[in-house]
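Asker: Heads up, the sequence shown is in the working numbering, so the first residue is 6 and it goes up one at a time.
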Amino acid sequence: MEKASNTVLQTLLNVFDNGLMTVASGQITINFRNSLIFMTSNIGAREVQEYARRKSHSKLRHFLRVTRPLSIETTRKLIQEQLETRLSPEFLNRVDDIITFNWLDETAVEDIILLHIRQLNQRLLHHRVDIHLEPSMLAHLAEVGFDQRYGARSLKRAIRRYVEVPLAEYLLSRSWESEMPSERVIVAWRNGDTHFRKDLQKE
């Protein structure tokens, strides 16, 4: 919403009022009366981060890497204040509900990583390989691939750098046989590098 022009906001305001949108030519009217309208925004995200950082620095040592998540009540209050600063009262007054997303926690980040790995395993089917991450690699990817300021967008890049590229080299180094059975490969992070080993229990 913060990227929308005033014209777009005014158009939405008209839709909220009467459930109709008339295009500029005036010849076409779009009916929104049986619609749900969802709007997303990053308004307040920077302020929440700054508040959390100041709060963490006041209680913890200065070299702490990740700030502690704020309570949902505090987060909502900060975001509401910024919404009221950026959007007009008549616009906010016509919004039925404002949903504040929680910060991603460690469990959610790990779930996202495992989702990417499942998708990677689907692509590896024709190589007859199934990979499994050791806790060491899972922890490493979560550390280097997630930042509370930017979310989980860099997780995919981290997986490509620390899993996919080394895995491609590993696959190229294998001795291929036409009837090679499927194998499960364990991926670990040790001594600053990616390591692969066969899961002997699966043989």
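Even glycine gets a Cβ: it sits at the ideal position worked out from N, Cα and C. Note that the structure is a prediction, hence the values are computed from the model and not measured.
At what residues does the beta strand (DSSP E) containing residue 26 begin and finish?
Answerer: Run containing residue 26: 25-27, per the beta strand (DSSP E) assignment.
Asker: If residue 107 sits next to residue 136, beta carbons under 8 Å apart, how far is it from one beta carbon to the other, in whole angstroms?
Answerer: Going by Cβ atoms, the distance from residue 107 to residue 136 rounds to 30 Å, so no, they are not a contact pair.
Asker: Any idea if residue 197 is buried or exposed, counting beta-carbon neighbours within 10 angstroms, 16 or more meaning buried?
Answerer: Exposed: under 16 other Cβ atoms inside 10 Å.
Asker: When DSSP builds the beta bridges, which residues end up paired with residue 36?
Answerer: Residue 36 is bridged to 25.
Asker: Are residue 114 and residue 147 touching if we call contact CB-CB under 7 Å?
Answerer: For residue 114 and residue 147, yes; Cβs fall inside 7 Å.
Asker: For the segment 92-102 against the segment 121-137, do three or more pairs of beta-carbon atoms, one drawn from each stretch, fall closer than 8 Å, so that the two count as touching?
Answerer: With the cut-off at 8 Å, the segment 92-102 and the segment 121-137 do not touch.
Asker: Around the Cβ of residue 157, are there at least 16 other Cβ atoms within 10 angstroms (buried) or fewer (exposed)?
Answerer: Counting Cβ neighbours within 10 Å, residue 157 comes out buried, since at least 16 surround it.
Asker: Decide if residue 43 is buried, meaning its Cβ has at least 16 other Cβ atoms within 10 Å, or exposed.
Answerer: Residue 43 comes out exposed.
Asker: Once the 5 residues before and after residue 48 are set aside, which same chain residues still bring their CB inside 6 Å of it?
Answerer: If we look at residue 48 and ignore the five residues flanking it on each side, its Cβ neighbours are 7, 87, 88, 91.
Asker: Can you give the Cα-Cα distance for residue 159 and residue 172, rounded to whole angstroms?
Answerer: Near 19 Å, if we compare the C-alpha coordinates of residue 172 and residue 159.
Asker: Using the C-alpha atoms, what's the distance from residue 82 back to residue 22?
Answerer: Those two C-alpha atoms are separated by around 26 Å.
Asker: Over what stretch of residues does the alpha helix (DSSP H) that includes residue 188 continue unbroken?
Answerer: That residue, residue 188, is in no alpha helix (DSSP H); its beta strand (DSSP E) goes 188-195.
Asker: So for residue 116, helix, strand or coil by DSSP?
Answerer: The answer is helix: DSSP assigns residue 116 an H, G or I state.
Asker: Indicate the three-state DSSP secondary structure (helix, strand or coil) for residue 150 in the structure shown.
Answerer: Helix, per DSSP.
Asker: Can you find a C-beta in chain C that's less than 7 Å from the C-beta of residue 129?
Answerer: The question asks about chain C, but that chain is absent: this structure has only one protein chain.
Asker: Could you please give me the residues that DSSP links to residue 134 through a beta bridge?
Answerer: Paired residue(s): 188.
Asker: Does the beta-carbon of residue 150 have 16 or more other beta-carbons within 10 angstroms, so that it is buried, or is it exposed?
Answerer: Buried, since its Cβ has 16 or more Cβ neighbours within 10 Å.
Asker: In angstroms with no decimal places, state the Cα-to-Cα distance between residue 16 and residue 26.
Answerer: One C-alpha to the other measures close to 7 Å.
Asker: Near residue 105, which residues of its chain fall below 7 Å by C-beta distance, leaving aside the five closest residues on each side in sequence?
Answerer: Within the same chain, residue 105 has close Cβ partners 77, 80, 81, 84.
Asker: What do you get for residue 143, buried or exposed, if any count of 16 or more other CB atoms within 10 angstroms of its CB means buried?
Answerer: By the neighbour-count rule (16 or more Cβ atoms within 10 Å), residue 143 is buried.
Asker: Based on DSSP bridge pairs, tell me the residues matched to residue 203.
Answerer: DSSP lists 190 as partners of residue 203.
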